[in-house]
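Colleague: Just so we're aligned, residue 7 is where the sequence shown starts under the working numbering, counting upward by one. Here it is, the structure, as structure tokens.
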Amino acid sequence: MNNFFKAFRFVITTHLAALLVLSVLRLAQYFYLNDFVDATVSNPVWPAFVRGLWLDNVAVCYVMILPYVLLLFISSIIPFFNKYVWRTVVTVVIAVLSVEIALQAANLQYFKYFSNVINSSIFEWTEEAGTAVTMILEEPSYWVLIISGLSLIALFDIFIWRQSEKTLEGLLSEKTVVNYVDRLKIFAASLVVIGLCMFGIRGRMGYNPIKVSAAYYCDDYFLNRLGVNAAFNLLNTYIDNNRRENRGLNLMDGETAVREIRCDMQKGSQDIFVADSLSLQRHCKRDSSAIFAEGEKPNVVIILMESMSAKLMQHFGCDVTMTPFLDSLWNESLSFDNFYSVGNHTNQGIYSTLYGFPTVLSRNAMKGTDIPTYYGMPNVFAEKGYSTSFYMTHESQYDNMNAFLRTNGFKHIRSQEDYPGDSIVNSFGVSDGFLFDYALNELKTMQQPFFSVLLTISNHPPYVVPDWFDAHGWDAEYAIVLYADYCLKTFFEGMKRCGLYENTVFVFVADHGKIIGRPECEVAESFNHVPLIIHSPKIGKRTINTFCCQTDIPSILMSLLGIEYDNLGFGRNVLDNPTSSVVYSTDGMLCARDSSYLCLIDPRSDFRKIYNIRENYKELASGDSCLILDTLLRRRFAAYEYLVSHKKTTLVK
7 MNNFFKAFRF VITTHLAALL VLSVLRLAQY FYLNDFVDAT VSNPVWPAFV RGLWLDNVAV
67 CYVMILPYVL LLFISSIIPF FNKYVWRTVV TVVIAVLSVE IALQAANLQY FKYFSNVINS
127 SIFEWTEEAG TAVTMILEEP SYWVLIISGL SLIALFDIFI WRQSEKTLEG LLSEKTVVNY
187 VDRLKIFAAS LVVIGLCMFG IRGRMGYNPI KVSAAYYCDD YFLNRLGVNA AFNLLNTYID
247 NNRRENRGLN LMDGETAVRE IRCDMQKGSQ DIFVADSLSL QRHCKRDSSA IFAEGEKPNV
307 VIILMESMSA KLMQHFGCDV TMTPFLDSLW NESLSFDNFY SVGNHTNQGI YSTLYGFPTV
367 LSRNAMKGTD IPTYYGMPNV FAEKGYSTSF YMTHESQYDN MNAFLRTNGF KHIRSQEDYP
427 GDSIVNSFGV SDGFLFDYAL NELKTMQQPF FSVLLTISNH PPYVVPDWFD AHGWDAEYAI
487 VLYADYCLKT FFEGMKRCGL YENTVFVFVA DHGKIIGRPE CEVAESFNHV PLIIHSPKIG
547 KRTINTFCCQ TDIPSILMSL LGIEYDNLGF GRNVLDNPTS SVVYSTDGML CARDSSYLCL
607 IDPRSDFRKI YNIRENYKEL ASGDSCLILD TLLRRRFAAY EYLVSHKKTT LVK
């Protein structure tokens with residue numbers, strides 16, 4: 007067993023030494039870039055270092071799995087030990103760990119220059135590598151960092167190599183025969199160690215493996231990124247950029263698409279557009295849609311209802327009463343008959359509802375390792391003095407929500423990590439009932455005005471209907487809709503009881519729908535046709551028939567509130583400027599529809615179809631109306647891809 011312990015001592019020493027060096031570099035980054043810390047907000051610093059150690063361990067475990075597997079087994083189980091194998095493995099480990107340390111050291115200056123952690127964008131320099139290296143070496147202010155970084159790497163390499171040779175000498179000097187009992191013990195111990203290393207690579211016990219978002223814990227941009235390991239970030243951004251769903255569609259020239267949409271938006275608009283013709287940024291002033299007096303600041307609560315298709319409501323033809331509360335509220339509110347979700351996933355509904363940008367196919371716009379930045383409703387409300395909070399049922403890392411939302415305007419995030427363990431009902435966390443009760447208790451004491459978003463989950467498999475709930479003996483798929491509606495009603499009545507109702511604007515909207523019945527064609531309307539209800543004692547009863555979608559919610563809501571703000575998204579205030587068509591997507595299709603026609607395009611193939619909705623979705627050859635829809639569709643998604651790829655999603659002062 008002695009050989010096993012000698013080998014283990016060396017491997018764990020290497021592991022801990024790498025973590026120590028990376029932590030020292032993080033400490034250096036904190037002091038070197040201390041001016042980046044927001045001095046106006048009091049945030050604890052220690053979580054950044056704890057989370058940084060966590061992510062460093064993940065990056066180191068990726069490398070150390072090699073010696074944990076090879077050296078422990080080779081040096082302890084195989085009778086004929088080979089010193090050349092040992093030295094080869096150690097050399098590879100030292101080389102890769104040195105690269106990790108070099109990246110973390112380089113991140114000090116990279117962050118200072120780009121205000122971001124090293125990511126896959128550095129590969130864009132490969133064609134001009136010589137120029138880039140020359141630029142770095144010719145800047146005297148970089149020399150101290152370069153020399154310090156190289157010295158640290160050299161010290162680390164020398165230390166590990168000496169430890170390796172010392173261990174190797176001890177292994178070679180002890181020529182003992184390992185009996186079968188000891189081999190079994192060594193095998194079991196090795197499995198435990200390797201298992202722990204594999205767990206280290208996964209990073210956590212939850213539903214999802216660790217992501218960069220684990221480093222995010224506050225609203226300070228620098229502190230959130232201080233805990234990000236540079237090598238881990240580089241690897242994951244490279245993988246993200248090469249995913250099939252993240253590749254461009256090339257539907258038309260992006261610059262042309264942006265100019266055409268911008269020109270269309272300017273028609274009859276009082277908005278003041280920025281001079282940059284390749285941006286949609288405009289300043290929106292208080293207009294005739296305003297319901298609230300100037301300076302009045304009501305609370306705003308947005309409830310994103312999981313999978314709540316319009317077809318589940320009696321108002322839209324459902325022959326059973328599954329949504330009695332929503333149906334009753336519909337007739338007392340500002341309601342939208344022809345409203346559509348931009349996609350088929352929750353992350354897409356969150357993204358478009360809050361920031362006013364569309365989504366493409368199955369692409370998750372929130373899920374980049376290099377956290378994307380947007381300016382939308384959360385930012386506007388925060389600037390207007392609102393408390394901003396987001397409540398979800400599941401783990402905060404799911405769909406990268408924690409990092410994305412904290413980066414883009416939300417101060418308070420509540421998730422499964424904040425709830426008691428006995429409240430978890432399935433892999434998606436707590437039930438709608440628990441979520442609403444938890445949120446209501448916090449909203450009662452929250453500083454007003456507040457902007458809060460609640461994301462429900464119960465109407466998503468696996469369905470969990472509480473035993474106490476009277477589900478009329480229905481199947482779980484339908485009973486859960488009744489339960490979800492009941493939870494909405496309970497929360498709404500709770501807001502009334504605690505005195506928050508009169509000064510709150512409620513927005514009820516689905517993240518997306520679900521397939522109900524037989525699809526009309528390749529795309530089921532029920533998957534995207536969803537309810538939108540805006541309710542307040544000050545907003546009268548009114549039904550809007552114009553076509554619109556989730557990207558329009560920021561424009562509609564801000565106009566009703568009478569807020570003067572900057573808008574970067576695709577949305578329009580359809581209350582004053584009605585539209586006759588809507589564009590959205592599913593996982594496989596880009597869609598555009600009006601009251602008569604539906605245009606479908608699969609950009610990954612030559613598929614293109616036009617249907618006459620009024621004639622029971624009869625397929626058509628072509629026509630002027632179809633050409634208009636086709637053009638609207640291509641223009642919208644091409645403009646979106648251009649704006650995102652050119653980072654036209656944040657405010658330009």
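Note that the Cβ used here is the ideal one computed from N, Cα and C, for glycine as well. Since the model is a prediction, treat every value here as computed from it, not as a measurement.
Roughly how many angstroms lie between the CA atoms of Lys654 and Ala645, to the nearest whole one?
Modeller: 11 Å
Colleague: Quick check on Asn385: does DSSP put it in helix, strand or coil?
Modeller: DSSP places Asn385 in helix when its eight states are reduced to three.
Colleague: By the three-class DSSP mapping on this structure, what secondary structure does Met319 have?
Modeller: In this structure, DSSP gives Met319 a state outside helix and strand, which the three-state scheme calls coil.
Colleague: Can you name the residues that DSSP bridges to Gly418?
Modeller: One detail in the question is off: residue 418 reads as His in this sequence, not Gly. DSSP links His418 through a beta bridge to Ser395.
Colleague: Could you say if the segment 510 to 521 and the segment 353 to 373 meet the contact criterion of at least three C-beta pairs nearer than 8 Å?
Modeller: By the Cβ rule, the segment 510 to 521 counts as touching the segment 353 to 373, because three or more pairs are nearer than 8 Å.
Colleague: Pick out whichever of Ser651, Arg268 and Met398 has its Cα sitting closest to the Cα of Asn252.
Modeller: Ser651
Colleague: According to DSSP, which residues form a beta bridge with Arg614?
Modeller: Ile607
Colleague: Report the three-state DSSP secondary structure of Ala598 (helix, strand or coil).
Modeller: Per DSSP, reduced to three states, the secondary structure at Ala598 is strand.
Colleague: In chain order, what are the residue ranges of uninterrupted beta strand (DSSP E) at least 3 long that sit wholly in the segment 277 to 338?
Modeller: Those beta strand (DSSP E) runs which fall completely within the segment 277 to 338 and span 3+ residues are 288 to 290 and 305 to 311.
Colleague: Which same chain residues, not among the five before or five after Phe442, have their C-beta less than 6 Å away from its C-beta?
Modeller: Cys493 and Phe497
Colleague: For the alpha helix (DSSP H) that Ala34 lies in, which residues bound it at each end?
Modeller: Asn8 to Tyr38
Colleague: When you compare each of Arg189, Ile309 and Asp325 to Asp733 by their alpha carbons, which one comes out closest?
Modeller: Past the boundaries of the shown model lies residue 733; the chain is included only from 7 to 659, so the question cannot be answered.
Colleague: Please confirm whether Leu581 and Ser295 have their CB atoms less than 7 Å apart.
Modeller: yes
Colleague: Within the same chain, show all residues whose beta-carbon is closer than 6 Å to that of Phe613, passing over the 5 residues directly before and after it, in chain order.
Modeller: Around Phe613: no qualifying Cβ.
Colleague: Classify Thr379 as helix, strand or coil using the three-state DSSP reduction.
Modeller: coil
Colleague: Distance, Cα to Cα, Arg231 vs Ile164?
Modeller: 30 Å
Colleague: Given this structure, state the Cα-to-Cα distance separating Tyr380 from Thr262, to the nearest angstrom.
Modeller: 22 Å
Colleague: Just checking my contact of Ile559 with Asn579 at CB under 8 Å: how many whole Å lie between their CB atoms?
Modeller: About 10 Å separates the two Cβ atoms, so there is no contact after all.
Colleague: Can you name, in chain order, every residue of its own chain whose Cβ lies under 7 Å from the Cβ of Leu109, other than the five neighbours on each side?
Modeller: Ile124, Ala236, Ala237 and Leu240
Colleague: My output table needs one value for Leu240: the three-state DSSP class, helix, strand or coil.
Modeller: Leu240 sits in a helix when the DSSP states are folded into three classes.
Colleague: Which of the three DSSP states is assigned to Gly505 in this structure?
Modeller: Of the three classes helix, strand and coil, the one that applies to Gly505 here is coil, per DSSP.
Colleague: Let's see if you can read the secondary structure: which residues bound the alpha helix (DSSP H) around Phe205?
Modeller: It spans Tyr186 to Arg208 - the alpha helix (DSSP H) in which Phe205 sits, taken as one unbroken run.
Colleague: To the nearest angstrom, how far is it from the Cα of Asp473 to the Cα of Ser587?
Modeller: Approximately 44 Å, taken between the alpha carbons.
Colleague: Can you give me the C-alpha to C-alpha distance between Thr352 and Ile463, rounded to a whole angstrom?
Modeller: Going by the C-alpha atoms only, they are around 10 Å apart.
Colleague: Which residues in the same chain have their Cβ closer than 6 Å to the Cβ of Gly58, if we skip the five residues on either side of it in sequence?
Modeller: Arg32 and Gly233
Colleague: Can you tell me whether DSSP reads Thr510 as helix, strand or coil?
Modeller: strand
Colleague: Residues in its own chain within less than 6 Å of Gly391 by CB, not counting five upstream and five downstream?
Modeller: none
Colleague: Which of the three DSSP states is assigned to Leu574 in this structure?
Modeller: coil
Colleague: Sort Gly374, Tyr90 and Arg189 by Cα distance to Asn247 and report the nearest one.
Modeller: Gly374
Colleague: Going by C-alpha to C-alpha distance, which of Val307, Ala34 and Ser368 sits closest to Leu506?
Modeller: Considering only Val307, Ala34 and Ser368, the residue with the shortest C-alpha distance to Leu506 is Val307.
Colleague: Judging by CA-CA distance, which residue of Ile619, Thr592 and Ile607 is the nearest neighbour of Ser601?
Modeller: Ile619
Colleague: Compute the beta-carbon to beta-carbon distance between Asn534 and Tyr489, rounded to the nearest angstrom, for a pair I have assumed lies under 8 Å.
Modeller: Actually they are not in contact, since the Cβ atoms of Asn534 and Tyr489 sit about 24 Å apart, beyond 8 Å.
Colleague: Please classify Tyr590: does DSSP put it in a helix, a strand, or coil?
Modeller: strand
Colleague: Excluding the five sequence neighbours on either side, which residues of its own chain have a C-beta within less than 8 Å of the C-beta of Leu446, listed in chain order?
Modeller: Phe497, Gly500, Met501 and Cys504
Colleague: Could you give the C-beta distance for Tyr617 and Cys527, rounded to a whole number, given that I count them as a contact under 8 Å?
Modeller: 6 Å
Colleague: Have a look at Tyr484, Asn256, Ile216 and Asn9 and flag the residue whose alpha-carbon is nearest the alpha-carbon of Thr329.
Modeller: Checked all of Tyr484, Asn256, Ile216 and Asn9; the closest Cα to Thr329 is Tyr484.
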